[in-house]
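Structure first, then comments.
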């Protein structure tokens, strides 16, 4: 392996012991389907969201993640269906995940409870041309294919009302790729995104401070069987139901500053809305000069031809 790849992996190892192997976005409130299949259909509209993240831009070959999700309600709001595409790349490794999500929704008082199931397939690829061992003809690398497929399932529960949400999920119930596949041992050593079992909790509340201003506290807990629990807490201010500005702190010594803007296209936010957002993340420890900052952007669009009961405003 060349020096650049060795340097990258050695730097990542301590951090990967503290962070999640599954992709996590700073603006996860607007990308919840990536974490929880029960979120499908929760907005009461047909919704599409695209998000891109560039992590540690000061480090060559650092992680990059993109996602595209689409979900909606069916059967008078009792069923949510969704699909998503995730792409991760770090150094010589790359992973593309395709998933279908199903949620069964039950109205409960002033809110909705949903249980969800996800079926996914992931394509792993290893670019051997970045490895000196491949160029030297090492049979450990030249004798195996450059990609493999892995299949998984996920589970989740989700509750939301007009001002509150909470979700719990396990996106991957299978720990890792099939060890019988000839590429699996190589990927298990080199790919920090290889699937391991994770659990996520997310929650938030909208506190109305005045007619035009609301406070949005939110949080996340990420659990990994092989790493410490990661906590995140944040606050955002919502102005005139259009502009959100705030910050979040993560227990892995990182701070995120973020903002979102939503344009009401039909004079009712729950009818048709276009949203954009940006997040800036920086580590707070001595590694910050090495890793640099992290940047994230998203765009989302909602369509609602027929409003159903408990349509959720686009604040989470």
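Residue numbers (our numbering): 13 to 328. Ideal placement from N, C-alpha and C gives every residue a C-beta, glycine not left out.
Same chain, Cβ closer than 6 angstroms to residue i, neighbours up to 5 away in sequence not counted
i	result
residue 167	182
residue 118	125
residue 75	67, 102
residue 289	39, 272, 310
residue 237	209
residue 176	217
residue 127	50, 116, 169
residue 163	133
Under 8 angstroms between C-beta atoms of residue i and residue j
i	j	result
residue 329	residue 214	With the chain covering 13 to 328 only, the question about residue 329 has no answer from this structure.
residue 61	residue 310	yes
residue 106	residue 113	no
residue 228	residue 245	no
residue 87	residue 78	no
residue 161	residue 184	no
residue 232	residue 226	no
residue 212	residue 48	yes
residue 302	residue 123	no
residue 57	residue 220	no
Where residue i sits in the DSSP three-state scheme
i	result
residue 52	coil
residue 39	coil
residue 182	strand
residue 247	strand
residue 237	coil
residue 69	coil
residue 301	helix
residue 44	helix
residue 90	coil
residue 218	coil
residue 229	strand
residue 289	strand
residue 224	coil
residue 294	strand
residue 107	strand
Residue from the options with nearest C-alpha to residue i
i	options	result
residue 286	49, 53, 59	59
residue 51	303, 249, 172, 260	172
residue 131	114, 165, 160	165
residue 223	253, 233, 238	253
residue 46	249, 95, 72, 225	95
residue 36	123, 129, 293, 133	293
residue 54	85, 186, 43, 300	85
residue 111	90, 81, 122, 120	81
residue 90	71, 69, 115	115
residue 174	128, 121, 133	121
Rounded distance between the beta-carbons of residue j and residue i, thought under 8 angstroms
i	j	result
residue 210	residue 235	6 angstroms
residue 247	residue 258	5 angstroms
residue 109	residue 98	4 angstroms
residue 179	residue 169	7 angstroms
Beta-carbon contacts of residue i that lie in its chain and below 8 angstroms, excluding the five residues immediately before and after
i	result
residue 265	295, 296, 297
residue 251	224, 225, 257
residue 159	135, 136, 137, 138, 195
Residue-level contact to chain C via CB, residue i, 8 angstroms cutoff
i	result
residue 287	Structure shown: chain C not included; a single protein chain is present.
Own chain residues within Cβ distance below 7 angstroms of residue i, not counting five before or after
i	result
residue 304	68, 69, 70, 71
residue 255	273
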